[in-house]
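Some notes on the structure that comes next.
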Amino acid sequence: MTLALHNTLTRAVEPFQPFAPPRVTLYTCGPTVWNYAHLGNFRTFLFEDLLRRHLESSGYEVFHIMNLTDVDDRTIKAAAAAGTSLAEHTEPYTQAFFEDCAYLRIRPAHLYPRATQEVPAMIALVERLLAKGVAYRSEDGSVYFAIEKFPTYGRLSRLDRRELKIGARVASDEYAKDDPRDFALWKKATPEDDAVGAGWDAPFGRGRPGWHLECSAMSLQAIHARFGVETLDLHAGGVDLIFPHHEDEIAQSEAATGQPFARCWLHGEFLNVRGTKMSKRFGNFLTARDLREQGVDAAAVRLLFWQTHYRQPLDFNDAALDGAREGVKRLGECHARLHAAAGTGRGDGPLVALARTLEHDVAAALDDDLSAPRALAALFEFVRVANRELDHGASGAEGGGAAALAALERVMTVLDVLPSPPTVDPALASWVEERLAAREKARKAKDFAAADRIRAELKARGVDLDDTPAGTKWRHARPGP
RNA sequence: GGCGCCGUAGCCAAGUGGUAAGGCAGAGGUCUGCAAAACCUCUAUUCGUCGGUUCGAUUCCGACCGGCGCCUCCA
């Protein structure tokens with residue numbers, strides 16, 4: 028089995044061929060820390076997490092870089108509005124982002140370069156471009172990239188260069204450019220910029236980096252320093268970044284290095300709400316912390332997202348999330364059963380073959396352009412058959428329970444959709460144990476009315492009971508809506 | 001105007017030139033003191049509409065209807 032990924036450059040699913048396997052350099056465009064990232068942003072970060080995990084599970088050694096954009100129009104505006112410095116404003120949101128990632132079980136990148144801390148690399152890149160004559164200093168004190176000097180401009184987005192102007196928004200600084208389509212590498216600092224600490228001195232004038240510049244400068248610096256290359260194996264982001272962000276990254280990077288910037292470009296589709304993209308602008312957004320406060324298990328969010336292929340739009344609604352929560356519960360039940368039945372022996376029962384099938388099918392699905400929906404189908408097929416075998420007594424060593432459990436857990440290192448362990452309040456636990464003992468006594472005495480009263484009493488405190496041959500188990504009911 | 005995406009059961013959605021995965025919800029059954037969980041069975045003669053190509057199309061082509069995205073700083 029070999030991994031194939033959809034490359035936006037060619038609009039085709041192609042075999043994945045990193046430059047120097049098993050090493051894979053992966054750059055993913057991170058958040059702008061002007062506010063909390065919303066669930067739409069996290070759909071992209073979760074698709075990238077799936078990519079990262081599947082690569083690692085397949086034996087690749089991934090070096091993952093995710094930038095943090097802590098200087099741009101929005102961060103500056105927000106800091107000014109709050110009357111704080113840029114750094115004071117972005118730091119809490121940066122921390123919040125890390126918290127949200129941890130909540131959603133997103134594997135941390137190996138490097139999180141922050142734009143404000145890598146300005147020297149950006150200045151160096153601008154100088155490189157100026158020296159090559161593909162960038163120019165404008166009368167307004169900014170530096171622009173001259174796209175006419177880059178003949179393949181528009182290759183990624185497939186926007187015809189002659190048509191870029193039509194219908195496009197008219198930039199206020201257009202008059203300062205040689206060509207309206209040119210984009211800013213370095214923006215002259217305004218008094219507003221300096222007021223919040225968003226100005227840096229550079230040989231070509233005091234200013235601040237353009238948005239696109241940071242990704243090129245930081246990614247190239249990171250991989251050049253470590254691996255001596257200036258080509259990324261993978262570069263990923265949301266579809267809205269294809270143009271202009273990634274197009275411009277390609278232009279400035281390749282003009283500077285003469286090397287392809289990224290071998291393969293991946294773009295994730297939007298998370299929609301009633302058909303329209305989730306966006307701060309539209310006010311139809313939900314943050315990760317909103318869900319966490321509602322008691323939503325991150326596993327349910329992951330499962331919901333895995334149900335839809337990353338290149339398809341996904342419409343978010345409560346019913347779909349509830350469905351995912353039920354699915355997660357089912358996975359957790361099966362996992363618990365296998366755990367209990369795993370035994371210590373090896374065995375060669377039906378579960379051994381089932382375990383092999385699960386791992387094979389999940390890997391095959393993900394190898395095919397990260398088809399998480401098909402991986403889930405394989406997973407739930409596994410659950411159904413495993414439960415059936417366990418029902419029929421294929422337990423413990425002779426049934427291969429250990430093999431099935433191991434396979435499930437290996438698959439979970441990639442999908443990671445098992446329910447979070449509940450946090451148990453010790454005081455509640457001792458009370459529950461006491462009531463359970465009373466109920467057990469009533470059941471032994473065939474006083475089922477009393478037993479049911481106790482069940483109802485526990486239910487009222489959010490505790491569900493499960494009578495099994497091995498005794499009564501209890502757990503917290505799903506947090507209410 | 002340009003580039004591009006989507007329209008499959010109540011909901012979320014896979015998929016293929018040869019006759020519709022999976023999850024949730026629903027119905028019936030087995031099990032259970034009762035439940036829960038689990039298992040079994042059932043739930044789209046049909047894949048937006050209309051044409052075309054084909055032995056055969058949901059899958060290819062065209063038109064149309066409906067929804068959406070990008071077109072200089074949005075994941």
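Just so you know, we're using our numbering here: the first sequence kicks off at 28 and counts up by one.
Glycine included, C-beta positions come from ideal geometry on N, C-alpha and C.
Being a predicted model, the structure only gives us computed values, none of them experimental.
Open item on the list: Ignoring anything shorter than 4 residues, give me the alpha helix (DSSP H) runs that lie fully in the region 408-468, in order along the chain.
Closed with: 423-426, 428-442
- [ ] Please name the residue or residues paired with MET93 in a DSSP beta bridge.
- [x] THR55
Open item on the list: Per the DSSP calculation, THR303 is bridged to which residue(s)?
Closed with: VAL300
Task: Straight-line gap, ILE193 to PHE332 (C-alpha atoms, nearest Å) - done: Unreliable positioning characterises ILE193 in this predicted model, as indicated by a pLDDT of 41, which lies under 50. The coordinate reading is nonetheless provided below. Each residue's alpha carbon lies about 36 Å from the other.
Task: Length of the line joining the Cα atoms of GLY57 and THR71 - done: 9 Å
Open item on the list: For a test of the three-state rule: what should DSSP assign to ARG488, helix, strand or coil?
Closed with: coil
Task: Buried versus exposed, by CB contacts within 10 Å (16 or more), LEU417 - done: Sixteen is the threshold: when 16 or more other Cβ atoms of the shown chains lie within 10 Å of the Cβ of LEU417, as they do, the residue is buried.
TODO: With VAL170 as the anchor, note down where its beta strand (DSSP E) starts and where it stops.
DONE: 170-172
Open item on the list: Just verifying my parser: in three-state terms, what is the DSSP assignment at GLY354?
Closed with: Correct three-state label for GLY354: helix.
- [ ] Look at the alpha carbon of TYR171 and the alpha carbon of LEU240, and state the distance between them as a whole number of angstroms.
- [x] 11 Å
Open item on the list: Relative to the C-alpha of GLN339, which candidate in LYS307, ASP388, GLN286, SER398 has its C-alpha closest?
Closed with: Among LYS307, ASP388, GLN286, SER398, the Cα nearest to that of GLN339 is on SER398.
Task: Span separating the alpha-carbon of SER447 from that of ALA325 - done: If you draw a straight line from the Cα of SER447 to the Cα of ALA325, it comes to about 8 Å.
TODO: Express the C-alpha separation of LEU330 and LEU485 in angstroms, rounding to a whole number.
DONE: 30 Å
Task: Alpha carbon of SER85 to alpha carbon of PRO377, nearest angstrom - done: Going from the Cα of SER85 to the Cα of PRO377 covers about 26 Å.
Task: Boundaries (first-last residue) of the alpha helix (DSSP H) holding VAL389 - done: 377-394
Task: Proximity of PHE312 and LEU131 at Cβ, strictly below 8 Å - done: no
TODO: Return helix, strand or coil for GLY194, following the three-state DSSP convention.
DONE: Low confidence applies to GLY194: its pLDDT is 39, below 50, so where it sits in the model is not reliable, and the reading given next is rough at best. Residue state, collapsed to three classes: coil.
TODO: Could you tell me which residues DSSP pairs with HIS262 in its beta bridges?
DONE: TYR54, TRP292
TODO: Going by CA-CA distance only, name the one from ARG480, ARG470, ASP474, ALA105 that's closest to ASP494.
DONE: ARG470
Open item on the list: Taking 8 Å as the threshold (C-beta atoms), are ILE103 and PRO140 in contact?
Closed with: no
Open item on the list: Given this structure, state the Cα-to-Cα distance separating GLU83 from VAL89, to the nearest angstrom.
Closed with: Taking the Cα positions, GLU83 is about 7 Å away from VAL89.
TODO: Measure the Cβ-Cβ separation of ALA142 and THR217 and say whether it is below 8 Å.
DONE: Between ALA142 and THR217, the CB-CB gap reaches or exceeds 8 Å.
Open item on the list: Is the beta carbon of ALA136 closer than 8 Å to that of GLU166?
Closed with: ALA136 is positioned such that its CB atom lies no closer than 8 Å to that of GLU166.
Open item on the list: My output table needs one value for ASP200: the three-state DSSP class, helix, strand or coil.
Closed with: Low per-residue confidence applies at ASP200: pLDDT is 49, beneath 50, and the placement is therefore not dependable enough to give any value.
Task: DSSP bridge partner residues for THR499 (one or two, in chain order) - done: ASP494
Task: Local conformation of THR314 per DSSP, three classes - done: strand
Task: Of the residues TYR87, GLU115, SER184, ALA105, the one placed nearest ASN34, counting alpha carbons only - done: SER184
- [ ] Under 8 Å Cβ to Cβ from HIS251, same chain only, skipping five residues before and after it: list those, please.
- [x] Taken in chain order, the residues that qualify are GLU257.
- [ ] Give a single yes or no on whether VAL98 has its beta carbon closer than 7 Å to a heavy atom of the ligand ADP.
- [x] The ligand ADP is absent from the structure shown, which contains no ligand whatsoever.
Open item on the list: Applying the 10 Å Cβ sphere with the 16-neighbour rule, what's the burial state of PRO450?
Closed with: Rather than Pro, the amino acid found at residue 450 in this sequence is Thr. Exposed, by the Cβ-count rule.
Open item on the list: What does the Cβ neighbour count give for PHE124, buried or exposed, with the cut at 16 atoms within 10 Å?
Closed with: buried
Open item on the list: Taking the alpha-carbon of ARG292 as reference, which of ASN344, ALA368, ASP260 has the nearest alpha-carbon?
Closed with: It is worth fixing the name first, because residue 292 is Trp in this sequence and not Arg. Out of ASN344, ALA368, ASP260, ASP260 has the C-alpha closest to the C-alpha of TRP292.
Open item on the list: Output needed for LEU298: all residues of its chain with C-beta closer than 7 Å, excluding positions within five of it in sequence on either side, in chain order.
Closed with: LEU66, GLY67, ARG70, MET305, LEU341, PHE343.
Task: Neighbourhood of HIS262 by C-beta distance below 6 Å, restricted to the same chain and skipping five residues each side - done: In chain order, TYR54, ALA289, TRP292 place their CB closer than 6 Å to the CB of HIS262, counting only its own chain and leaving out the 5 sequence neighbours on each side.
Task: CA-to-CA distance, LEU77 to TRP501, given in whole angstroms - done: Straight-line measurement puts the Cα of LEU77 at about 33 Å from the Cα of TRP501.
TODO: Might you give, ordered along the chain, the residues of its own chain that have their beta carbon closer than 7 Å to the beta carbon of ALA477, omitting 5 neighbours on each side?
DONE: ALA469
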